[in-house]
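A.B. asks: Below: one structure in structure tokens.
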Amino acid sequence: MQRRDFLKATGAVMSTLAADSLTAQEPALPIVDPHVHLWDLSKFTLPWIAKDSPYNRSFVMKDYLDAIAGTGVVKGVYMEVDVEPKQQTEEANYVLDICRRNDTPLKAAVISGRPAADDFGKYLDQFKENKFLKGVRQVLHSPATPAGFGVQANFIRGVRLLGERGLCFDLCMRPADLADAIKLADACKGTRFVLDHCGNGDIYAKDRAQWQRDMTALAKLENVVCKISGIVVQARRGWRPDDLAPVINHSLNAFGPERVMFAGDWPVCTKESTYRQWVDALKTIVANRPLAHQRKLFHDNAVRFYGLA
71 MQRRDFLKAT GAVMSTLAAD SLTAQEPALP IVDPHVHLWD LSKFTLPWIA
121 KDSPYNRSFV MKDYLDAIAG TGVVKGVYME VDVEPKQQTE EANYVLDICR
171 RNDTPLKAAV ISGRPAADDF GKYLDQFKEN KFLKGVRQVL HSPATPAGFG
221 VQANFIRGVR LLGERGLCFD LCMRPADLAD AIKLADACKG TRFVLDHCGN
271 GDIYAKDRAQ WQRDMTALAK LENVVCKISG IVVQARRGWR PDDLAPVINH
321 SLNAFGPERV MFAGDWPVCT KESTYRQWVD ALKTIVANRP LAHQRKLFHD
371 NAVRFYGLA
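With the numbering used here as the guide, the letters of the sequence shown map in order to residues 71 to 379.
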């Protein structure tokens, strides 16, 4: 081969390698966000928001669209916001109507509910024919909810009913209560579960051994998937992706590439981070994982789990 032909061939190979490297580092991934909060304080009361909280204002669709601009988010799933219990039906109807209109990224919803209530089945009946309803959540980490609440017989009965209706249940729990999540998911094998926020693992903990053991045990139950979300709210000013990496990597490794989903947790995530900063941090943490796994994390798994068109 002549020197000119050699240089030409070498240049082509180097260009291809450079392009492949760039693609691997910054994949142009479409994103599905299966954990979108919206609240309009002129319509709903959220008892958990303190008067001096940065969350004590309305966060509506326009704000969300501004937050996700340029990030690649193409679809979203609404997540209930723990409204005043008497407003649960109103909140559900409000967001399901947004999904029905099909003029926003929201394509489905997980609504608030109380599985232990005697009339839980009747509550679900209101939405029986609604194709946008995918699941129910009751936040279990509030001070008013004692450990063991989620494994009471009446609670288990209600969560089993969700499985019978083809609906999932989101587990939003204190890390110390993950043993209850294991018992609940094992007792309700016909129900699909979503563990929110990496089980709320402490990103600054000196000892994560118990959380790691519980996450590994929970991941052995095939009816449970994990949202890689929420933990950035723990981050302190000046945080870096490395602060989040240990909790994220253990969650990813425990549940495997088929049972993990990125989730935004907006606007809760904005305490010390913009939406883009959270997305970019996670992309940095998973940059060395196979591109196919990244696609599943950011898009494919959520589409499959929630049955999004």
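We put the beta carbon where it would ideally sit given N, CA and C, even for glycine.
Under 6 Å Cβ to Cβ from methionine 285, same chain only, skipping five residues before and after it: list those, please.
C.D. replies: Residue mapping note: residue 285 aligns to position 215 of the sequence shown, counting from 1. Excluding sequence neighbours, methionine 285 sits near Gly269, Ala324.
A.B. asks: Are there three or more Cβ pairs, one per stretch, closer than 8 Å when the region 169-184 is compared with the region 241-252?
C.D. replies: no
A.B. asks: Per the contact definition of three or more C-beta pairs closer than 8 Å, is the region 115-132 in contact with the region 318-332?
C.D. replies: no
A.B. asks: Assuming valine 303 and lysine 341 form a contact by the criterion Cβ under 8 Å, report the distance between their Cβ atoms to the nearest whole angstrom.
C.D. replies: By 1-based counting over the sequence shown, the position of residue 303 is 233. By 1-based counting over the sequence shown, the position of residue 341 is 271. Yes, valine 303 and lysine 341 are in contact; Cβ-Cβ is about 5 Å, under 8 Å.
A.B. asks: Specify the secondary structure class of aspartate 240 as computed by DSSP and reduced to three states.
C.D. replies: For this step, residue 240 is matched to residue 170 along the sequence shown. In this structure, aspartate 240 counts as strand in the three-state DSSP scheme.
A.B. asks: Just reading off the alpha helix (DSSP H) that arginine 207 is part of, what are its end residues?
C.D. replies: For the purposes of this step, residue 207 is identified with residue 137 of the sequence shown, where counting begins at 1. Not the alpha helix (DSSP H): arginine 207 falls in the beta strand (DSSP E), residues 203-207.
A.B. asks: With burial defined as no fewer than 16 other Cβ atoms inside 10 Å of the residue's Cβ, what is the status of threonine 344: buried or exposed?
C.D. replies: For the purposes of this step, residue 344 is identified with residue 274 of the sequence shown, where counting begins at 1. Exposed, because fewer than 16 other Cβ atoms sit within 10 Å of the Cβ of threonine 344.
A.B. asks: Using the Cα positions of leucine 146 and valine 330, report the straight-line distance between them to the nearest angstrom.
C.D. replies: Position 76 of the sequence shown, counting from 1, holds the residue named residue 146. Position 260 of the sequence shown, counting from 1, holds the residue named residue 330. Note on residue identity: the sequence assigns glycine, not leucine, to residue 146. Taking the straight line joining both Cα atoms gives about 16 Å.
A.B. asks: Taking 8 Å as the limit between beta carbons, can you name the residues of its chain near threonine 387, skipping five residues before and five after?
C.D. replies: Lying before the first or after the last residue shown, residue 387 is absent from the chain, which here runs from 71 to 379.
A.B. asks: Just mark glutamine 280 as buried or exposed, buried being the case when its beta carbon has 16 or more other beta carbons within 10 Å.
C.D. replies: For the purposes of this step, residue 280 is taken as residue 210 along the sequence shown, with counting starting at 1. With fewer than 16 Cβ atoms within 10 Å of its Cβ, glutamine 280 is classed as exposed.
A.B. asks: Using the beta-carbon count (16 or more within 10 Å), is threonine 93 buried or exposed?
C.D. replies: As a first step, residue 93 is located in the sequence shown; it is residue number 23 there, counting from the start. Here threonine 93 scores only 37 on pLDDT, less than 50, and its place in the model is too uncertain to base an answer on.
A.B. asks: Can you tell me which of the three DSSP states tryptophan 348 falls into?
C.D. replies: The sequence position of residue 348 within the sequence shown is 278, counting from 1. Note: tryptophan 348 maps to helix in three-state DSSP.
A.B. asks: Would you kindly work out how many angstroms separate the C-alpha atoms of proline 97 and leucine 361, rounded to a whole number?
C.D. replies: Locating residue 97 in the sequence shown gives position 27, where the first residue counts as 1. Locating residue 361 in the sequence shown gives position 291, where the first residue counts as 1. Annotation note: pLDDT 43 at proline 97 (below 50); position unreliable, coordinate value reported separately. Going from the Cα of proline 97 to the Cα of leucine 361 covers about 8 Å.
A.B. asks: Spatial neighbours of glycine 174 within its chain, please: CB distance less than 7 Å, with the 5 preceding and 5 following residues excluded, ordered by chain position.
C.D. replies: In the sequence shown, residue 174 corresponds to position 104, counting from 1. Checking the sequence shown, residue 174 turns out to be threonine, not glycine. Taken in chain order, the residues that qualify are Met131, Ile168.
A.B. asks: To which residues does DSSP link alanine 178 through a beta bridge?
C.D. replies: The residue you call residue 178 lines up with position 108 of the sequence shown. Note: alanine 178 sits in a beta bridge opposite Val147.
A.B. asks: Just the Cα atoms here: how many angstroms apart are aspartate 110 and serine 128?
C.D. replies: Residue mapping note: residue 110 aligns to position 40 of the sequence shown, counting from 1. Residue mapping note: residue 128 aligns to position 58 of the sequence shown, counting from 1. Taking the CA atoms as reference points, aspartate 110 sits about 5 Å from serine 128.
A.B. asks: Which value, in whole angstroms, describes the spacing of the CA atoms of glutamine 95 and glycine 142?
C.D. replies: As a working mapping, residue 95 is identified with position 25 in the sequence shown. As a working mapping, residue 142 is identified with position 72 in the sequence shown. Note that glutamine 95 scores a pLDDT of 45, beneath 50, so its modelled location is shaky; the value from the coordinates is reported in the next line. Rounded to whole angstroms, glutamine 95 to glycine 142 spans 16 Å at the Cα level.
A.B. asks: Given a cut-off of 7 Å on the beta-carbon distance, is the pair glycine 191 and leucine 231 in contact?
C.D. replies: Here residue 191 is taken as the residue at index 121 of the sequence shown, counted from 1. Here residue 231 is taken as the residue at index 161 of the sequence shown, counted from 1. For glycine 191 and leucine 231, yes; Cβs fall inside 7 Å.
A.B. asks: Identify the residues that DSSP records as bridge partners of lysine 297: which are they?
C.D. replies: Your numbering for residue 297 matches position 227 in the sequence shown. Bridge partners of lysine 297: Met331.
A.B. asks: Suppose you measure from the CA of arginine 170 to the CA of arginine 278; what does that come to, to the nearest Å?
C.D. replies: The residue given as residue 170 occupies position 100 in the sequence shown. The residue given as residue 278 occupies position 208 in the sequence shown. Arginine 170 and arginine 278: Cα-Cα distance of roughly 42 Å.
A.B. asks: By how many angstroms is the C-alpha of cysteine 296 removed from the C-alpha of isoleucine 273?
C.D. replies: Reading the sequence shown from its first residue, position 203 is the one you call residue 273. Reading the sequence shown from its first residue, position 226 is the one you call residue 296. Rounded to whole angstroms, the gap between the alpha carbons of isoleucine 273 and cysteine 296 is 16 Å.
A.B. asks: Please list, in chain order, all residues of the same chain as threonine 86 whose beta carbon is under 8 Å from its beta carbon, the five residues on each side excluded.
C.D. replies: Here residue 86 is taken as the residue at index 16 of the sequence shown, counted from 1. A caution first: threonine 86 carries a pLDDT of 37, below 50, which makes its placement in the model too unreliable to give a value.
A.B. asks: Note the first and the last residue of the continuous alpha helix (DSSP H) segment covering histidine 320.
C.D. replies: Here residue 320 corresponds to residue number 250 of the sequence shown, with the count starting at 1. Segment 311-325, the alpha helix (DSSP H) holding histidine 320.
A.B. asks: Report yes if the CB atom of valine 144 is closer than 7 Å to the CB atom of histidine 107, and no otherwise.
C.D. replies: Residue numbering aside, residue 144 sits at position 74 when the sequence shown is read from its first letter. Residue numbering aside, residue 107 sits at position 37 when the sequence shown is read from its first letter. No.
A.B. asks: How many Å lie between glutamine 364 and phenylalanine 202 at the Cα?
C.D. replies: Locating residue 364 in the sequence shown gives position 294, counting from the first residue. Locating residue 202 in the sequence shown gives position 132, counting from the first residue. Per the coordinates, the alpha-carbon of glutamine 364 lies some 26 Å from the alpha-carbon of phenylalanine 202.
A.B. asks: Please go through the same chain and pick out, in chain order, the residues whose beta-carbon is closer than 6 Å to the beta-carbon of aspartate 247, but skip the five residues on each side of it.
C.D. replies: Residue numbering aside, residue 247 sits at position 177 when the sequence shown is read from its first letter. Taken in chain order, the residues that qualify are Ala217.
A.B. asks: CA-CA distance, aspartate 103 and glutamine 222?
C.D. replies: The count along the sequence shown starts at 1 and reaches residue 103 at position 33. The count along the sequence shown starts at 1 and reaches residue 222 at position 152. Approximately 31 Å between the Cα atoms of the pair.
A.B. asks: Taking all protein chains shown into account, decide if serine 123 is buried (16 or more other Cβ within 10 angstroms of its Cβ) or exposed.
C.D. replies: Here residue 123 corresponds to residue number 53 of the sequence shown, with the count starting at 1. Serine 123 should be labelled exposed.
A.B. asks: Buried or exposed: where does proline 311 fall if 16 or more other Cβ atoms within 10 Å of its Cβ makes it buried?
C.D. replies: One-based indexing of the sequence shown puts residue 311 at position 241. Classification for proline 311: buried.
A.B. asks: Give me, in chain order, the residues of the same chain whose beta-carbon lies closer than 6 Å to that of proline 100; leave out the 5 immediate sequence neighbours on both sides.
C.D. replies: By 1-based counting over the sequence shown, the position of residue 100 is 30. Counting only Cβ-Cβ distances below 6 Å, and skipping sequence neighbours, we find Gly142, Val144, His369.
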